[in-house]
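*Asks:*
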Amino acid sequence: MRNSAYSGVVVPMVTPVKNGSVDLEAVATIIRSFAEAGVDTLIMGTTGEGNSVPMGEGIDMIHTAVEAAEGKVRIYAGVTGLCLKEQLSQIEGFARAGADVAVAVLPSYYALTEEQMIGYYTALADASPLPVMLYNILATTHLSIPVEAVRKLAEHPNIVGLKDSERDLERMAACIEIARSREDFTYFCGWAAQSAHSLELGADGIVPSTGNFVPKHFQALYEAAVSGDMEEANRLQTVTDEMAKIYQQGRPLGQQLAALKCIMEQCELCGREMLPPLTMLPEAEYTKIIEQITEFELE
Numbered sequence: 001m002r003n004s005a006y007s008g009v010v011v012p013m014v015t016p017v018k019n020g021s022v023d024l025e026a027v028a029t030i031i032r033s034f035a036e037a038g039v040d041t042l043i044m045g046t047t048g049e050g051n052s053v054p055m056g057e058g059i060d061m062i063h064t065a066v067e068a069a070e071g072k073v074r075i076y077a078g079v080t081g082l083c084l085k086e087q088l089s090q091i092e093g094f095a096r097a098g099a100d101v102a103v104a105v106l107p108s109y110y111a112l113t114e115e116q117m118i119g120y121y122t123a124l125a126d127a128s129p130l131p132v133m134l135y136n137i138l139a140t141t142h143l144s145i146p147v148e149a150v151r152k153l154a155e156h157p158n159i160v161g162l163k164d165s166e167r168d169l170e171r172m173a174a175c176i177e178i179a180r181s182r183e184d185f186t187y188f189c190g191w192a193a194q195s196a197h198s199l200e201l202g203a204d205g206i207v208p209s210t211g212n213f214v215p216k217h218f219q220a221l222y223e224a225a226v227s228g229d230m231e232e233a234n235r236l237q238t239v240t241d242e243m244a245k246i247y248q249q250g251r252p253l254g255q256q257l258a259a260l261k262c263i264m265e266q267c268e269l270c271g272r273e274m275l276p277p278l279t280m281l282p283e284a285e286y287t288k289i290i291e292q293i294t295e296f297e298l299e
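Under the numbering used here, the letters of the sequence shown match residues 1 to 299, in that order.
1) With distances taken Cα to Cα, identify the nearest neighbour of THR47 among SER165, LEU298, VAL101, PHE185.
2) From GLN256, ASP23, TYR247, pick the residue whose C-alpha is nearest to that of GLN292; which is it?
3) Alpha carbon to alpha carbon, what distance is there between ILE289 and CYS262?
4) When you compare only the Cα positions, how much space is there between PRO252 and ALA258?
5) Can you give the Cα-Cα distance for ALA99 and ALA26, rounded to whole angstroms?
6) What do you reckon, are the CB atoms on PRO277 and SER21 nearer than 9 Å?
7) Could you please give me the residues that DSSP links to SER21 through a beta bridge?
8) Cβ of THR41 within 9 Å of Cβ of ILE75?
9) Assuming VAL17 contacts GLY271 (C-beta within less than 8 Å), just tell me the rounded distance between them.
10) Would you call the segment 56 to 66 and the segment 236 to 250 touching, i.e. three or more CB-CB distances under 8 Å?
11) Can you tell me whether LYS72 is helix, strand or coil according to DSSP?
12) In the structure shown, what three-state DSSP assignment does ALA35 receive?
13) With three or more C-beta pairs closer than 8 Å as the rule, is the segment 162 to 177 touching the segment 225 to 236?
14) Between the Cα of PRO157 and the Cα atoms of THR186, ILE137, GLU115, which residue gives the shortest distance?
15) Between which two residues does the alpha helix (DSSP H) holding ALA139 run?
16) Taking the straight line between their C-alpha atoms, what separation do you get for LEU112 and GLY45?
17) In angstroms with no decimal places, state the Cα-to-Cα distance between GLN116 and CYS267.
18) Would you mind working out which of VAL66, GLY161, LYS72 sits nearest VAL105, comparing C-alpha positions?
19) Hey, out of ILE159, ILE43, GLN194, ALA69, whose CA is closest to ALA37's CA?
20) According to the neighbour-count rule (16 or more other Cβ atoms, all chains shown, within 10 Å of its Cβ), is ASN136 buried or exposed?
21) Please state whether DSSP places MET1 in a helix, a strand or coil.
22) For GLN237 and LYS163, I'd like the C-alpha separation in whole angstroms.
23) Could you compute how far the alpha carbon of GLU149 sits from the alpha carbon of GLU283?
24) Could you check the C-alpha separation between MET280 and GLU273 for me, to the nearest Å?
25) In this structure, what does DSSP give as the bridge partners for ASP164?
26) Below 7 Å CB to CB, which residues in the same chain sit around ALA5 once its five sequence neighbours on both sides are set aside?
27) What are the boundary residues of the alpha helix (DSSP H) that THR238 is part of?
28) So what's ALA77 in DSSP terms, helix, strand or just coil?
29) Just to confirm the assignment: which complete beta strand (DSSP E) runs, minimum length 3, are found wholly within the segment 173 to 220?
30) Taking C-beta to C-beta, are MET172 and SER198 nearer than 9 Å?
31) From ALA220 to ALA125, what does the alpha carbon distance come to, in whole angstroms?
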């Protein structure tokens with residue numbers, strides 16, 4: 001755990017929606033719950049419907065989150081889009097709103113070579129007013145940042161880390177080793193089911209979507225792992241894995257997010273509404289989710 005500025009639990013926050021727009025009141029409520037648990041947050045990442053949030057509303061959401069956080073939690077801002085100038089414009093707006101870090105995916109319309117990926121992130125980081133974190137998520141971008149590209153990009157003074165959601169244990173270990181070899185580059189595991197294992201290998205942090213409704217569980221898991229109590233970390237991993245199955249199992253990603261918001265509603269954190277093109281689930285599915293989640297202790 002070398003880079004203390006970028007470590008710990010970063011919950012990829014859902015985007016609460018009301019009447020077709022971001023529900024800023026609910027944003028503040030969720031952020032306060034994270035601050036109470038001691039976890040940071042990633043706003044407008046994959047879990048946060050980042051590609052569906054208009055830039056203006058995204059900036060308002062970051063501003064609201066920063067105010068609600070009162071300096072107690074770090075705000076990571078998700079950067080999407082297919083255009084370098086557009087991404088830079090997003091980052092500039094997020095910086096003015098008070099975000100701490102920009103977490104950027106690659107533009108994914110075209111298949112990119114390793115050299116193109118390095119060139120793009122280098123140009124973004126050169127011009128960004130915020131520190132940049134690479135965001136590798138093969139499931140949605142259909143691009144995988146090669147390990148050697150990560151190694152080269154880690155040398156950039158304004159690229160501070162990697163949030164990696166690719167489900168590849170060999171890759172995870174290799175990227176953690178890159179981070180362990182440097183004082184200025186951090187590794188966050190975005191594969192929640194491997195949270196405890198990644199921390200045991202030396203990851204700096206974890207990014208679990210289930211943390212939206214049980215942030216304290218993941219903070220306890222993190223603290224157990226970094227203190228060497230892997231028995232407790234693995235116990236909490238098993239518990240949170242079972243919770244995750246309720247909204248994830250048998251559903252594609254977009255429907256998982258709709259199911260997750262159902263649980264958030266049960267916790268009185270936000271409503272179920274989704275941003276297009278994502279949609280809500282049939283009522284019968286919500287009823288089943290509620291029945292299943294009430295079997296767990298969520299405090």
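Glycine included, every Cβ here is placed at the ideal spot set by N, Cα and C.
*Replies:* Checking against the coordinates, here is how it stands:
1) SER165
2) TYR247
3) 7 Å
4) In this structure, the alpha-carbon of PRO252 lies about 10 Å from that of ALA258.
5) 18 Å
6) no
7) LYS18
8) Yes, the pair counts as a contact, with Cβ atoms nearer than the cut-off.
9) 7 Å
10) Contact between the segment 56 to 66 and the segment 236 to 250 is absent, because fewer than three Cβ pairs lie under 8 Å.
11) coil
12) helix
13) no
14) Of the candidates THR186, ILE137, GLU115, the one whose C-alpha sits nearest the C-alpha of PRO157 is THR186.
15) 138 to 141
16) 21 Å
17) 44 Å
18) GLY161
19) ALA69
20) buried
21) At MET1, the pLDDT of 46 sits below 50, so the modelled position is not reliable; the number obtained from the coordinates is stated separately. Three-state result, MET1: coil.
22) 19 Å
23) Position check: residue 149 holds Ala in this sequence, whereas Glu was assumed. Each residue's Cα considered, the two are about 45 Å apart.
24) Distance from the CA of MET280 to the CA of GLU273, rounded to the nearest whole angstrom, comes to 6 Å.
25) Beta-bridge pairing links ASP164 to ASN136, CYS189.
26) none
27) Element bounds for THR238: 230 to 248.
28) strand
29) 186 to 189
30) yes
31) For ALA220 and ALA125, the distance between alpha carbons rounds to 33 Å.
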